[in-house]
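Reading through the structure tokens given below for one structure.
Residue numbers (the working numbering): -17 to 186.
Dropping the structure here:
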């Protein structure tokens, strides 16, 4: 809502004249009448009778609504600033203890930064635990796959009537392939650690 200013003299006007004095459109003025049932009206318009408004009463009413709106906006801005400060500091839960308002601002900021470091360190520890658990599970899974794959290769060679030399050659090649896969996986995990990025793993 634009700043409302009173005209030089008090008077009673119709709807069109009031819209012109307030520098708003007729649809805007109509929407105000619908929005605020308490909008001051001297006489409501009917067939053949114009609306009548006291300019002083209207200006006072709109000024009060404008002040209320500005107060609500100030409250919202203050809450948004508090929320933004919390998000910027990376705090995802209420701090253990709120600093006293008597504590200097610099010390309050230092306390918030310390809490931020604690939160980040805790998150990092949780991520490291996830990676370590995954490495243990992956090692066991690879070992089981190697055993079952070796059995499969031997049975397949027997069904194909392969010689002992062909069987050993197939087992060696398959074992080399498995080692290569394991090494690639481990290198990928190590490179993620070196870059400071912990993969987010979901292990059932």
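Ideal Cβ positions, reconstructed from N, Cα and C, are used throughout, including at glycine.
With a cut-off of 8 Å on the beta carbons, I'd call residue i and residue j a contact; round off their distance for me.
{"i": "residue 6", "j": "residue 22", "result": "The Cβ separation is near 16 Å, so there is no contact."}
{"i": "residue 152", "j": "residue 139", "result": "6 Å"}
{"i": "residue 149", "j": "residue 137", "result": "Incorrect: roughly 10 Å between the Cβ atoms, too far for contact."}
Is it true that the CB of residue j sits closer than 7 Å to the CB of residue i?
{"i": "residue 87", "j": "residue 124", "result": "no"}
{"i": "residue 24", "j": "residue 13", "result": "no"}
{"i": "residue 33", "j": "residue 27", "result": "yes"}
{"i": "residue 128", "j": "residue 103", "result": "no"}
On the criterion of 16 or more Cβ atoms from any shown chain inside 10 Å, does residue i qualify as buried, or is it exposed?
{"i": "residue 145", "result": "exposed"}
{"i": "residue -5", "result": "buried"}
{"i": "residue 1", "result": "buried"}
{"i": "residue 8", "result": "exposed"}
{"i": "residue 62", "result": "exposed"}
{"i": "residue 67", "result": "exposed"}
{"i": "residue 11", "result": "buried"}
{"i": "residue 44", "result": "buried"}
Going by DSSP, name the residue or residues bridged to residue i.
{"i": "residue 98", "result": "Answer is none; residue 98 lacks a bridge partner."}
{"i": "residue 34", "result": "25"}
{"i": "residue 12", "result": "Note: residue 12 sits in no beta bridge, so no partner."}
{"i": "residue -5", "result": "35"}
For residue i and residue j, I'd like the C-alpha separation in whole angstroms.
{"i": "residue 3", "j": "residue 42", "result": "14 Å"}
{"i": "residue 80", "j": "residue 101", "result": "In this predicted model, residue 80 has a pLDDT of only 49, less than 50, meaning its place in the structure is not dependable; the value taken from the coordinates is given anyway. Distance between the alpha carbons of residue 80 and residue 101: 16 Å."}
{"i": "residue 126", "j": "residue 141", "result": "23 Å"}
{"i": "residue 38", "j": "residue -7", "result": "7 Å"}
{"i": "residue 96", "j": "residue 90", "result": "10 Å"}
{"i": "residue 99", "j": "residue 107", "result": "12 Å"}
{"i": "residue 54", "j": "residue 46", "result": "12 Å"}
{"i": "residue 158", "j": "residue 92", "result": "55 Å"}
{"i": "residue -2", "j": "residue 30", "result": "15 Å"}
{"i": "residue 119", "j": "residue 132", "result": "20 Å"}
{"i": "residue 64", "j": "residue 52", "result": "18 Å"}
{"i": "residue 15", "j": "residue 60", "result": "31 Å"}
{"i": "residue 94", "j": "residue 49", "result": "35 Å"}
{"i": "residue 162", "j": "residue 58", "result": "59 Å"}
{"i": "residue 170", "j": "residue 156", "result": "21 Å"}
{"i": "residue 143", "j": "residue 105", "result": "56 Å"}
Can residue i be considered in contact with the ligand GTP, in the sense that its beta carbon sits closer than 6 Å to one or more heavy atoms?
{"i": "residue 132", "result": "Among the components modelled here there is no ligand, and therefore nothing to report on the ligand GTP."}
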